[in-house]
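Worksheet: the structure to be examined is printed underneath.
Residue numbers (the working numbering): 18 to 294.
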């Protein structure tokens, strides 16, 4: 995953304009790879980033690569992964999901899409039920930090993220780090007593979070599959996501990829929560 997928909101008008005016001219063409998961001739085309671990990595698998295979099998379709090339972007812009291939019909769905995406692309995008959740996690494992309680130490965090804003509003002493790895290092070296790290990144950093930490809803996100508004596929995917068998499979995948098992949440991040901080 990107260094920090939850910065403060950014404008996406250019992306929407590309979708409306001609997607092929707005970016590099994606490539695809077929995986035979079924004897069916029907295909499920899933857009995945080619280098966004632990979600997906071309040639190396990942959570959403596995979930895509599970979806295709459950739908009785043959899976084609459409790999989205990396783009040179600023740190904050790199967190914006590129929906151009989806809007242009090059794939049927994208995965790990936060709820707020539908607000930015209303009329273009529809979302499935959430199939897992993610949020900011607390390190080290034995940290006593809790929102709403006095904490004598400093909490390391990446600047210009929702976690940074939440700490600032709560009056917690914080130290700015340039990366999630920097947060881990600051805690390990004693320059910070605790740190807030984007949960899925812990899989890459090989760090275990505090399992008892409960972040406020503004630091939780539900993640969905995203479809074009004209798709008939959403109902079938929702039925799979709602089944106990598929939920158990997602939990198994999260464990395999060392991503904290969180959600789906009853109450998760919203623009209203952010503005209320």
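By construction, the Cβ of each residue, glycine as well, lies at the ideal position given by its N, Cα and C atoms.
Collapsing the DSSP output to three states places residue 93 in coil. Beta-bridge pairing by DSSP links residue 213 to 155. For residue 64, the beta-bridge partners assigned by DSSP are 99, 127.
With three or more CB-CB distances shorter than 8 Å, the stretch 148-155 counts as touching the stretch 269-287.
DSSP places residue 186 inside the alpha helix (DSSP H), whose first and last residues are 179-186. Taking a C-beta distance under 7 Å as the contact criterion, residue 274 and residue 71 qualify as a contact pair.
Per DSSP, the beta-bridge partners of residue 175 are 194. Residue pairing of residue 274 in beta bridges, as defined by DSSP: absent, with no partner found. For residue 135, no beta strand (DSSP E) run applies; the uninterrupted alpha helix (DSSP H) run containing it begins and ends at 134-137, by DSSP. Residue 174 is positioned such that its CB atom lies no closer than 7 Å to that of residue 182.
Annotated as distal: residue 233 and residue 162, with beta-carbon spacing of 7 Å or more. Separation of residue 168 and residue 158 (C-alpha to C-alpha, rounded to the nearest whole angstrom) is 16 Å.
Looking from the CA of residue 195, the closest CA among 203, 188, 189 belongs to 203. Separation of residue 256 and residue 127 (C-alpha to C-alpha, rounded to the nearest whole angstrom) is 17 Å.
Rounded to whole angstroms, the separation of the alpha carbons of residue 73 and residue 219 is 15 Å.
Beta-bridge partners assigned by DSSP to residue 244: 143.
The three-state secondary structure of residue 208, taken from DSSP, is coil. When the Cα atoms are used, residue 144 and residue 206 turn out to be separated by approximately 42 Å. Its Cα nearest to that of residue 95, the residue 59 stands out among 66, 64, 267, 59. Partner residues in the beta bridge of residue 149, as assigned by DSSP, are 240.
If the five residues before and after residue 277 are omitted, its C-beta is found closer than 7 Å to the C-beta atoms of 154, 216, 219, 226, all from its own chain and listed in chain order. When the alpha-carbon of residue 229 is set against those of 148, 156, 87, the nearest one is in 156. Counted as a single uninterrupted DSSP element, the alpha helix (DSSP H) harbouring residue 120 occupies residues 117-120.
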